[in-house]
Every structure is written in structure tokens, then in C-alpha cells.
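First the structure, in the form of C-alpha cells, and then the observations on it.
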Amino acid sequence: MRSEELFVSVVIVVKNGQRYLATAIDSVLAQTYEAYEIIVVDGRSSDDTERIARGYEHVRYLQQPGQGIADAYNTGIDEARGNLIAFLSHDDLWLPNKLSRQVDCLARQPETQYTVTHFKYFLEPGCAFPPGFKRNLLGKPLLGRIMETLVARKQLFDRIGKLNDEFSVANDVDWYARAKDYAVPMVIIPEVLLLKRVHDTNLTFTGANNRELLGLLKQSIQRQRQQTAVGKT
């Protein structure tokens with residue numbers, strides 16, 4: 004499949020994001036790859052988020068029907084018209100060649116189901132570090148198995164499922180664990196293509212809580228056992 008045949012649905016999830024939403028949208032509009040749509044999924048914001056999103060001609064604005072970030076992602080997946088899906092948080096930024104690099108990879112390798120990239124944290128000027136953030140991570144290239152680096156074929160979400168709202172924090176960790184357990188072909192793009200903003204209104208950087216990680220681990224072990232049993236039949 005040629006890259007010109009691949010259409011990307013970019014899902015931006017947001018709640019009360021008036022401070023940074025426009026710059027996130029602008030970073031998508033600056034992409035060198037032009038075959039995409041932008042879907043903003045709003046968790047019923049009480050600020051000017053809706054006005055900002057609707058101010059963009061090419062943005063499709065949706066009110067999130069449920070609650071939680073997993074539900075917001077899943078709403079975007081359900082509404083996506085593209086055969087590829089990408090994700091961006093309202094306070095993060097893509098570099099201009101992010102989509103072109105990942106779409107080209109998927110076009111050249113039809114067996115590959117998703118790609119991820121590297122990313123860097125940057126501190127918003129004038130903001131303090133949020134609780135739990137490890138300052139030594141700032142500015143370093145990091146491998147990002149997170150939603151904001153992901154470009155995946157839409158059919159993959161039918162195969163392994165969407166985001167699990169059973170996990171309030173670790174839903175992205177769970178999704179990548181499922182992809183790994185099912186041996187889904189993927190490619191890591193060895194470039195920094197996402198900038199994650201660190202600011203004083205970030206959720207704390209304490210990571211997933213132990214209970215969620217324990218539940219995720221149990222589910223992963225069960226899936227691996229099932230895959231092994233299938234392979235022996």
C-alpha cells in the first residue's frame with residue numbers, strides 16, 4: 004500500500020485544556036504529511052476548550068460521552084474515518100515530520116501493525132516541576148510506548164481491543180502489553196518526534212499504581228499462557 008492511500012485520524016483528547024490546545028492542534032496542522040483528519044474529544048471542559056477547538060475549520064469536535072481518558076481515546080477510535088490512527092494530548096507537540104516518518108514505515112511494511120517513536124520532555128517556561136517528575140529525564144531522548152507516539156492501523160484495535168477503562172492510569176501500558184503478548188509486528192522509529200510538555204498542572208508523574216500494575220501483569224500472564232496453548236494445538 005502506498006503512503007498516499009493511508010489516511011490518518013488524529014485523536015486529541017482534552018479536558019480544560021485552553022492553555023495549550025491551540026499549540027497542539029497547530030503542531031498537527033504543521034505536519035508534512037497532509038492526508039489526515041483531526042478529532043478533538045473533549046471531556047466536558049468548563050473553560051474555553053470547545054471554543055478553541057471549534058475555531059479550527061478542519062477540526063471535528065466531539066463531547067466525550069463517558070468519563071476517563073480510556074473512554075476519550077475509545078470515542079476517538081470509534082469516530083475515526085482513517086485506516087491509521089494517531090493520538091496527541093492537548094499539552095504536547097509533534098515535530099513536523101512525525102506522521103510522514105511513521106506513515107512511510109507502515110506503507111513500506113504492510114505486515115507492520117503499529118509504530119512508536121522517541122520523545123523528549125520539556126519544561127514549560129515559568130512552571131515548577133510537578134510532584135513525582137524525575138528531573139534527570141528532562142531533554143533526554145526516550146523511547147515512547149505511550150499513546151502520543153503511536154500510529155497504528157485501525158484494524159489492530161479490532162484485533163486486540165481498544166483502551167481498557169478498567170485501568171484509570173495504566174490503560175496505555177495495558178494496550179502495549181496486549182500488543183506484545185499477541186506478538187503484533189511493530190517498528191520503533193529511532194527519532195525524537197514528540198515533545199511532552201512538563202508544567203505545573205500536569206497529572207503527577209507517579210506512574211501507574213501498584214494495584215493496576217498487578218492486575219495488568221496477571222492478565223498478561225494469562226494471555227501468554229493462552230497463546231502458548233494455541234501454539235501447541
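First residue of the sequence shown: 4, per our numbering; consecutive thereafter. Built from N, CA and C at the ideal position, the CB exists for glycine as well.
With a contact defined as Cβ atoms closer than 8 Å, A182 and M189 qualify at about 7 Å.
Under the 10 Å beta carbon count, G46 is surrounded by 16 or more other beta carbons and is classified as buried. Each of V106, D95, E60 was checked against the Cα of L24, and the nearest Cα belongs to D95.
Contact between L9 and L109 holds: their C-beta atoms lie close to 7 Å from each other, under 8 Å.
Closest in alpha carbon position to I28, among V43, E37, T35, is V43. Less than 7 Å separates the beta-carbon of G147 from that of F122. Following the DSSP letters along the chain, one finds F125 inside the beta strand (DSSP E) bounded by residues 117-126. Counting C-beta atoms within 10 angstroms of its own C-beta, A186 has fewer than 16 neighbours from the protein chains shown and is therefore classed as exposed. In the DSSP assignment, W97 forms a beta bridge with L197. Between S92 and the set P133, E169, V31, the nearest pair of CA atoms involves V31. Scanning K101, I55, I80 for the CA closest to the CA of L196 turns up K101. In the three-state DSSP reduction, V176 falls in the helix class (H, G or I).
Here K137 is exposed: its Cβ has fewer than 16 other Cβ atoms, across all protein chains shown, within 10 Å.
In the same chain as N77, and ignoring 5 residues on each side of it, the C-beta atoms closer than 8 Å to its own belong to K165, L166, D168, in chain order. When only Cα atoms are considered, R57 and T120 end up about 29 Å apart. Looking at the DSSP output, V17 sits in a beta bridge with D45.
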